[in-house]
Amino acid sequence: MKTAVIVFPGSNCDRDMAVALRAATGTAPAMVWHKDSALPGGLDLIAIPGGFSFGDYLRCGAIAAHSPIMREVAAFAGRGGHVLGVCNGFQVLIETGLLPGVLMRNTTLKFVCRDVPLRVEEVRSAFTRGYAPGQEIVLPVAHHDGCYVADADTLAQLDGEQRVAFRYRGAVNGSANDIAGILSANRRVLGMMPHPERAVDAQVLGTDGAPMFRGLAEMMVAA
Amino acid sequence: MKARVFVTLKNGVLDPQGAAIGTALGNMGFDGIGTVRQGKVFEIEMTGSDREAAAERLDTMCRRLLANTVIEDYSVELV
């Protein structure tokens, strides 16, 4: 399985993501700089990592969304490629238009940095196939702007198409319907605020993120 | 030519930062403060003198980058 991690100025989870991908696939991902205008060939998965790309200037993810490489990432997603955006990566995917809605300042106005309980709502995707339906897991979150907001039609559509992948169990940031992660219509783009890549080692923060990377690796190999 | 672009949250969109600012103003002793909404102002210098073309380009800039039209409205003023 061939993967890539996009690196922006201010990304700070790119190496964690690389460690998680390498552990699951046995191969180190390509680290792709935001100014690059081409992706490596034959990719199975692109990960947009967490961090504070461009210092969160303008809106979180807004400047990164217009980086040269994001045009290629959008084209890759358009061809049916798998894209995972975590935390700031989720914000970037939203600003790119690959996922609907918007992520606003937490309603508490506080930066939230702790382990949060989640429910896996949807297992019909390459990202979530490694979990059981309704499985309760714990992943770390670390964000200031994770309050998911969308109009009523979009929220109804996400529910109707079973595209809410993860929900918080309890209040975390004020997100509509406790949404923690959503899938694109073709279920090949996942954006989520919690950090699965920080929970892949029993010695550090648990292993509840590991089934995501294992599931992805198994599916790509099977394909 | 200079443009001023105002980006504000749409009506009905929760603005916790504006609410916190409103509370702070009240705490400071300013009476009669109603709802406070926080927004952004951009000052953009542009070359050329075709105001109509500039207004059109500014509209595109707003839609593509300066505002997130899911939650924000924008208005443009050519100075």
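First to last, the sequence lines map onto chains A and B. Under our numbering, the letters of the first sequence match residues 1 to 223, in that order. Under our numbering, the letters of the second sequence match residues 224 to 302, in that order. Built from N, CA and C at the ideal position, the CB exists for glycine as well.
Any beta-carbon of chain B closer than 7 Å to the one on V102(A)? Position 102 of the first sequence, counted from the first residue, corresponds to residue 102(A). Yes, contact with chain B.
Residue span of the alpha helix (DSSP H) that contains F166(A), given as start and end: Counting from one through the first sequence, the residue named residue 166(A) turns up at place 166. Unbroken run through F166(A) is the beta strand (DSSP E), V164 to Y168; no alpha helix (DSSP H).
For D208(A), the first and last residue of its enclosing alpha helix (DSSP H): On the first sequence, residue 208(A) is found 208 positions in, with the first residue counted as 1. Segment: none, D208(A) is in no alpha helix (DSSP H) and carries neither H nor E.
Given R22(A), which residues of its chain have a CB within under 6 Å of its CB, disregarding the five upstream and five downstream residues? Position 22 of the first sequence, counted from the start, is the residue given in the question as residue 22(A). The residues are A28.
Report all residues from its chain with a CB closer than 7 Å to the CB of D178(A); omit the five preceding and five following residues, and keep chain order. Sequence index remark: in the first sequence, residue 178(A) carries index 178 (1-based). These residues qualify, in order along the chain: R167 and Y168.
Between T3(A) and chain B, is there a C-beta pair that is closer than 7 Å? Looking up residue 3(A) in the first sequence gives position 3. So no, T3(A) is outside the interface.
Limits of the alpha helix (DSSP H) - the one that A24(A) falls within: Within the first sequence, residue 24(A) is the residue found at index 24, counting from 1. Element bounds for A24(A): D14 to T25.
Member of A202(A), Q135(A) and M192(A) whose CA lies at the smallest distance from the CA of H143(A): Indexing the first sequence from 1 puts residue 143(A) at position 143. For H143(A), the nearest C-alpha among the options comes from M192(A).
Have a look at S11(A), A24(A) and I6(A) and flag the residue whose alpha-carbon is nearest the alpha-carbon of G130(A). Numbered from 1 along the first sequence, position 130 holds the residue referred to as residue 130(A). It is A24(A) whose Cα lies nearest to the Cα of G130(A).
Min CB distance R22(A) to chain B below 7 Å: For the purposes of this step, residue 22(A) is taken as residue 22 along the first sequence, with counting starting at 1. Not one chain B Cβ lies under 7 Å of R22(A).
List the whole-angstrom C-beta distance separating L103(A) from C147(A), where the pair is believed to meet the contact cut-off of C-beta under 8 Å. Residue 103(A) sits at position 103 when you count from the first residue of the first sequence. Residue 147(A) sits at position 147 when you count from the first residue of the first sequence. Correct: roughly 7 Å between the Cβ atoms.
Listed in chain order, which residues of the stretch 233 to 258 of chain B have Cβ atoms closer than 8 Å to some Cβ of chain A? V236, L237, P239, Q240 and A243
Would T25(A) count as contacting chain B if we go by Cβ distances under 7 Å? For the purposes of this step, residue 25(A) is taken as the residue at position 25 of the first sequence. For T25(A), the answer is no, since every Cβ of chain B falls outside 7 Å of its Cβ.
Residues of the stretch 124 to 152 of chain A with Cβ closer than 9 Å to any Cβ of chain B, in chain order: C147, V149, A150 and D151
With 7 Å as the threshold, decide whether the Cβ of V293(B) is near any Cβ in chain A. Along the second sequence, read from residue 1 onward, the residue named residue 293(B) stands at position 70. Yes, V293(B) lies at the interface with chain A (some Cβ there is under 7 Å from its Cβ).
Is R71(A) close to chain B, meaning its C-beta is less than 7 Å from at least one C-beta of that chain? Taking the first sequence and counting its residues from 1, one reaches residue 71(A) at position 71. R71(A) does not count as touching chain B.
Cross-chain neighbours of L288(B) in chain A, by beta carbon under 8 Å: As a first step, residue 288(B) is located in the second sequence; it is residue number 65 there, counting from the start. The answer, in chain order, is L58, A62 and H66.
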